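In what follows, a structure is listed as structure tokens, so that the remarks can point back to it.
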Amino acid sequence: MDFQTLGHDIALHRRQQGVSQQKLADHLGISRATVNALENGRSGDIGIRKVMKILDYLGKELAIRDKSPFPTLEELRDER
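In the working numbering, the protein residues as written are 5 to 84.
And the structure:
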């Protein structure tokens with residue numbers, strides 16, 4: 005999973021729960037601009053602690069798993 009996909013997934017789960025970017029930001033003590041940048045894959049400087057706080061708020065967690073030996077659809081598409 006890349007940073008842009010992570011941001012997209014966070015936005016999807018936030019919307020599914022009916023939480024605005026502002027409400028999420030206010031509850032976690034971060035700026036709405038930071039949430040927006042993360043969701044749009046633009047924030048390379050957001051720390052893992054903030055990502056973990058956001059995921060926890062949404063009832064999600066980050067997990068490590070073995071990488072598949074097979075390429076992802078995105079990797080195949082990027083080879084063009």
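Note that beta-carbon positions come from the ideal geometry of N, C-alpha and C, so glycine has one too.
Since this is a predicted model, take the numbers as computed values, not measurements.
Alpha helix (DSSP H) segment containing residue i, residue limits
{"i": "T38", "result": "36-43"}
{"i": "Q54", "result": "The sequence given here has Lys at residue 54, not Gln. Run containing K54: 52-61, per the alpha helix (DSSP H) assignment."}
{"i": "D82", "result": "77-82"}
For residue i, three-class secondary structure by DSSP
{"i": "A29", "result": "helix"}
{"i": "T9", "result": "helix"}
{"i": "K71", "result": "coil"}
{"i": "R19", "result": "helix"}
Nonlocal neighbours in the same chain, by C-beta distance under 7 Å from residue i, ignoring five residues either side
{"i": "L32", "result": "K57, I58, Y61"}
Buried or exposed (CB count within 10 angstroms, at least 16 for buried), residue i
{"i": "E43", "result": "buried"}
{"i": "I14", "result": "buried"}
{"i": "G51", "result": "exposed"}
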